[in-house]
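Everything on this sheet refers to the single structure shown next.
Numbering (this note's numbering), first residue to last: 87 to 524.
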């Protein structure tokens, strides 16, 4: 039900707010008072084309906004299909800019005109001269049959089943699309993961190997350096540091009792001798520990070459990044595997939802067929009273190719005003007067 209408900068209307109470509301006025202008503004909200000619002030935009109470109309699926938030209070707004651009909103969500055109016949009927639009609208025909057959509970059950089916089907399509894309990449991802996993990557190994490679490349020079330093510290000829320092210690020990400075110096020499003796031992040990192995050199070089190749291939500069990439690939591959299970589960849910929807839709069809037959019988006498003694009317249901928000029925109102004529859809055979009486 239309509850309020706000019109701003439209034709003769600078700004107007109209509130419609419950029950019957009449808007009256002389010819040219603006009744049709109000309907024209309302038409913008129903998807009619916009024209800057309607702007009263060409420098300002035109705004038309209306509020509708749509509770109980069962329009949730219409909004869901358009990805628009549903609320029992529907606020439609249309803006016409001086630049001739047009914008439309439903509950403050931008929408396209096709959505307004789809919504229009479901929330408002506009009858004008020579028109009976609802009679040729399939949705109205089905709604009429459902009303006559008191199908509310069955229809609501169907709508819930339809919404669940469409939601699950859409989710399945999205997952299937993702799965197809993943399948295209899965083989390559598996190859990359296997290559990285087989590399047995360890954090910090590159730095350690690079250091070892440097040592192996200069092993002889390093060994000779340690050995030379050790010889300078202590040698058999007694010309190195330690033998001379030992001699100095002996000399100071002879005079330490006679001079206080000698005693202090003796202590310092003794301390230095201990430290240098320790250093000498470490130098000898280090020299003995440096060996060159061609086999190890080859192993280190090959390992580093592998790491460098993988880093270049993946556009990174350290092993930690390779490890992170390996873990990410593993997670994505596991996700693909779990996606298959989710798709299988969804397929089962979709099949179950489809069966439920189909069963309820069949119940709707049966009830509508009965209501259609009853309507056909009841309308005949009234048509005769309205001056069409030979008129015949019939309701025909045909299955649609797909299921929709109202089931899988298309309703036809068949009519012929003359004896023996073929029953055809009223939109094709009924005259204006006959349509009005219908």
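Backbone N, C-alpha and C fix where the C-beta goes; we use that ideal spot for every residue, glycine too.
| field | C-alpha gap between residue 314 and residue 281, whole angstroms | value | C-alpha separation (whole angstroms): 46 Å.
| said: In this structure, how does DSSP classify residue 528 when only helix, strand and coil are distinguished? | reply: Residue 528 falls outside the range modelled here, since the chain spans only 87 to 524, and no answer is possible.
| query | Mind pulling the beta strand (DSSP E) runs of 3 or more residues that sit fully within the stretch 335 to 384? | reply | Entirely contained in the stretch 335 to 384, not one beta strand (DSSP E) run reaches 3 residues.
| task | Could you name the residues of the same chain whose beta carbon sits closer than 6 Å to that of residue 226, not counting the 5 residues immediately before and after it, in chain order? | result | Excluding sequence neighbours, residue 226 sits near 220.
| query | Ends of the alpha helix (DSSP H) at residue 262? | reply | 238 to 284 is the span of the alpha helix (DSSP H), which, as asked, contains residue 262.
| request: Can you grab the Cα-Cα spacing for the pair residue 480 / residue 165, in whole Å? | output: Near 33 Å, if we compare the C-alpha coordinates of residue 165 and residue 480.
| task | Jot down the residue ranges of each uninterrupted beta strand (DSSP E) in the stretch 93 to 162, minimum 3 residues, whole runs only, in chain order. | result | Entirely contained in the stretch 93 to 162, the beta strand (DSSP E) runs reaching 3 residues are, in chain order, 99 to 105 and 148 to 155.
| request: Let me know if residue 491 comes out buried or exposed under the rule of 16 or more other beta-carbons within 10 Å of its beta-carbon. | output: It is buried - the Cβ of residue 491 has at least 16 other Cβ atoms within 10 Å.
| query | Mapping DSSP to helix, strand and coil, what is residue 172? | reply | DSSP places residue 172 outside both helix and strand once states are collapsed to three, so it counts as coil.
| query | Using a Cβ-Cβ cut-off of 8 Å (strictly less than) and excluding sequence neighbours within five positions of residue 467, which residues of its own chain qualify? | reply | Non-local beta-carbon contacts of residue 467 in its own chain, meaning distances under 8 Å to residues more than five positions away in sequence, are absent.
| Straight-line Cα distance separating residue 248 from residue 393 | If you draw a straight line from the Cα of residue 393 to the Cα of residue 248, it is about 56 Å long.
| task | Please name the residue or residues paired with residue 181 in a DSSP beta bridge. | result | 149 and 189.
| What is the rounded straight-line gap between the Cα of residue 276 and the Cα of residue 311? | For the pair residue 276 and residue 311, the Cα-to-Cα distance works out to about 50 Å.
| said: For residue 478, which residues in the same chain have their Cβ closer than 6 Å to its Cβ, ignoring the five residues on either side in sequence? | reply: Closer than 6 Å at the Cβ level, and outside the excluded window around residue 478, lie 502.
| Reduced DSSP category for residue 477 - H, G, I as helix; E, B as strand; rest coil | Coil at residue 477, not helix or strand.
| said: Bridge partners for residue 502 per DSSP, in chain order? | reply: 478.
| Can you give the beta carbon distance from residue 50 to residue 182, rounded, assuming they're within the 8 Å contact cut? | Outside the displayed range of the chain (87 to 524) lies residue 50, so it cannot be described from this structure.
| Assigned secondary structure, residue 496 (DSSP; H/G/I helix, E/B strand, else coil) | The answer is strand: DSSP assigns residue 496 an E or B state.
| said: For residue 87, count the other beta carbons within 10 Å of its own beta carbon; 16 or more makes it buried, fewer makes it exposed. Which is it? | reply: That one is exposed.
| field | Beta-carbon contacts of residue 342 that lie in its chain and below 6 Å, excluding the five residues immediately before and after | value | Excluding positions up to five away in sequence, the list reads 348, 349 and 352.
| task | In the DSSP assignment, find the alpha helix (DSSP H) that holds residue 200 and state where it starts and stops. | result | Segment 199 to 209, the alpha helix (DSSP H) holding residue 200.
| task | With DSSP as the reference, label residue 516 as helix, strand or coil. | result | Under the three-state reduction of DSSP output, residue 516 falls in the coil class, being neither helix nor strand.
| message | Buried or exposed for residue 470, going by 16 or more other Cβ atoms inside 10 Å? | response | By the neighbour-count criterion, in which a residue is buried when 16 or more other Cβ atoms sit within 10 angstroms of its Cβ, residue 470 is exposed.
| Are the CB atoms of residue 446 and residue 243 nearer to each other than 8 Å? | Going by C-beta atoms, residue 446 is nearer than 8 Å to residue 243.
| task | Would you mind reading off the limits of the alpha helix (DSSP H) that contains residue 434? | result | First-last of the alpha helix (DSSP H) with residue 434: 405 to 471.
| query | Are at least three pairs of beta-carbons, each pair with one atom in the stretch 231 to 241 and one in the stretch 187 to 197, less than 8 Å apart? | reply | They do not touch, by the three-pair rule.
| request: Kindly list the residues whose CB is nearer than 6 Å to the CB of residue 216, restricted to its own chain and excluding five residues on each side of it in sequence; keep chain order. | output: Because residue 216 sits at a pLDDT of 45, beneath the cut-off of 50, its placement in the model cannot be relied upon, and the point is left open.
| task | Evaluate the contact criterion for the stretch 129 to 136 versus the stretch 155 to 172: three or more CB pairs, one atom per stretch, below 8 Å. | result | Pairwise C-beta distances place the stretch 129 to 136 out of contact with the stretch 155 to 172, as fewer than three of them are shorter than 8 Å.
| request: Using the Cα positions of residue 513 and residue 257, report the straight-line distance between them to the nearest angstrom. | output: Approximately 39 Å, taken between the alpha carbons.
| field | Rounded straight-line distance, which links the Cα of residue 372 to that of residue 396 | value | Residue 396 and residue 372: Cα-Cα distance of roughly 35 Å.
| query | How close, in whole Å, do the beta carbons of residue 439 and residue 254 come, if the pair is a contact with beta carbons under 8 Å? | reply | Contact holds; Cβ gap of about 5 Å.
| message | On the criterion of 16 or more Cβ atoms from any shown chain inside 10 Å, does residue 241 qualify as buried, or is it exposed? | response | So residue 241 ends up on the buried side.
| query | With respect to the alpha helix (DSSP H) encompassing residue 224, which residues constitute its N-terminal and C-terminal limits? | reply | Residue range 224 to 234 is occupied by the alpha helix (DSSP H) that includes residue 224.
| query | Do you know offhand how far residue 426's Cα is from residue 274's? | reply | About 18 Å.
| field | contact_flag[the stretch 448 to 459, the stretch 200 to 212] where n(CB pairs < 8 Å) is 3 or more | value | The answer is no - the stretch 200 to 212 does not touch the stretch 448 to 459, with fewer than three Cβ pairs under 8 Å.
| task | Answer yes or no: do residue 199 and residue 133 have a C-beta to C-beta separation smaller than 8 Å? | result | Yes, they are a contact pair.
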